[in-house]
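Residue numbers (our numbering): -13 to 341.
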Ligand code: MRU
């Protein structure tokens, strides 16, 4: 049965003088190292360098970063000055990565609590921010559990499940989104097989998803990204489940580059394509996926594998980290509030805003 799925990816240790602890995901699977972070600059760097990655985990890191940015301010400093410092800190953290909306969602939430009328001094503000950041972490863990429970019915015994990138415990507070669904199905005693795309260029599937599935005792096989179509043709895949970094009001969803191709392949083979994501990943302020900013990352991530250069030094490189899957290709969005079948603006608004 389930061996280990509740690995805590990121947490706050101690009180206001404490620090952030996170698993350095750039080192896995070779080395499991937990790093301690005590300042906002290092949090931003950790997000940029993908030491902490995955949309919900990035949001949690940013919330803790906001606390770190403010905590050295004297308790008796004017509270307006502290609020201004918080804004500057959040603006700074917001420049770390552009696509995952959870980052901006968490920073907005931190700034919103700072405006509460009962806060009238800097010490209170700092304490309130720490409580809020810890709540964001804990709520994410709970959302992943609920989301997993809602999605588990979509997996049947004997299924072949394809996933891309890493949407597991490492990408969240713990447990995960796409992998959370698989963990929940496994916990219910279902036997199924997961095919894991390696996920070029940074190999989150090969390095992280296989590691998590092994920890949980779920059968899995690693494949190269370009093998997915052949496996579908061979009848090995019954469903695809991925996570998301930002879902627009109409259900168009950004996720790791290569996800869109999988959705098209799945449609061609009549295989359901699912996206699992908490409500913090929805961005109802944008009508569709064309408004989602797509991060472009350094050429070296493509020209090099580890320290090995695999392309001519002066080659032109294009390295978008995400793509957008139009909602028409998504059979359902699996959220902590329930499953949205055939997602569109109306059914998303109904569930996500309770409107
Ligand atoms: O660049 P990354 O590794 O942060 O990209 C992560 C993904 O694309 C995940 O699928 C997504 O954030 C969902 S995580 C639950």
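We put the CB at the ideal spot given by N, CA and C, even for glycine. Quick caveat, the model's predicted, so the values are computed rather than measured.
Per DSSP, reduced to three states, the secondary structure at residue 167 is helical. About 5 Å separates the beta carbon of residue 146 from that of residue 179, a gap short enough to meet the 8 Å contact definition. Around residue 83, the same chain offers 33, 34, 44, 89 and 281 as residues with beta carbons nearer than 8 Å, after the five sequence neighbours per side are excluded.
It is roughly 24 Å from the alpha-carbon of residue 127 to the alpha-carbon of residue 259.
Of the heavy atoms belonging to the ligand MRU, none sits nearer than 8 Å to the Cβ of residue 337. When secondary structure is reduced to three states using DSSP, residue 210 falls in the coil class, being assigned neither helix nor strand. Residue environment for residue 183: buried (at least 16 other C-beta atoms within 10 angstroms of its C-beta).
Nearest neighbour of residue 268 by Cα position, chosen from 21, 68, 91 and 4, turns out to be 91. Residue 200 carries a helical assignment under DSSP once its states are collapsed to helix, strand and coil. With contacts defined by Cβ atoms closer than 9 Å, residue 65 and residue 121 do not form a contacting pair. The beta-carbon separation of residue 163 and residue 170, rounded to 11 Å, does not stay under the 8 Å limit for a contact. A distance below 8 Å between beta-carbons, with the five flanking residues on each side excluded, links residue 13 to the following residues of its chain, in chain order: 19. Within the chosen limit of 8 Å, the ligand MRU does not reach the beta carbon of residue 286 with any heavy atom. Straight-line measurement puts the Cα of residue 261 at about 17 Å from the Cα of residue 278. When the beta-carbon positions are compared, residue 214 and residue 266 stay at least 9 Å from each other. In its chain, beyond the 5 residues on either side, 285, 288 and 289 have a beta carbon closer than 7 Å to the beta carbon of residue 303. By the C-beta density criterion, residue 9 is buried, having at least 16 other C-beta atoms within 10 angstroms.
Within the region 52 to 88, the runs of alpha helix (DSSP H) that reach at least 4 residues and sit entirely inside it are, in chain order, 65 to 79.
In this structure, residue 123 sits near residue 50, with a CB-CB distance shorter than 9 Å.
Selection 321, 294, 177 and 117 evaluated against residue 129 yields 321 as nearest (Cα-Cα). 252 is the residue among 201, 22 and 252 whose C-alpha sits nearest the C-alpha of residue 221. Pairing residue 270 with residue 60, the inter-Cα distance amounts to about 38 Å. The residues 176, 177 and 178, in chain order, have a CB closer than 7 Å to that of residue 143 in the same chain once the five nearest residues on each side in sequence are set aside. Between the C-alpha atoms of residue 228 and residue 55 there is a straight-line separation of about 33 Å. When the beta-carbon positions are compared, residue 68 and residue 111 come within less than 9 Å of each other.
In terms of Cβ geometry, residue 93 and residue 48 form a close pair [threshold 9 Å]. Secondary structure note for residue 149: its beta strand (DSSP E) is the uninterrupted segment 146 to 149. Beta-bridge partners assigned by DSSP to residue 319: 261 and 326.
Cβ contact annotation for residue 243 (same chain, cutoff 7 Å, sequence separation greater than five): 306, 307, 308 and 309, in chain order. Counting every other CB atom within 10 Å of its CB across the protein chains shown gives residue 192 a total of 16 or more, marking it as buried.
The bridge partners DSSP lists for residue 6 are -2 and 23. Taking the Cα positions, residue 52 is about 26 Å away from residue 234.
Here the alpha carbon of residue 16 sits roughly 24 Å from the alpha carbon of residue 168. In the structure shown, residue 294 falls within a strand segment according to DSSP collapsed to helix, strand and coil.
In this structure, residue 157 lies near residue 39, with their beta-carbon atoms less than 9 Å apart. Taking C-beta atoms as the reference points, residue -2 and residue 116 count as a pair closer than 9 Å.
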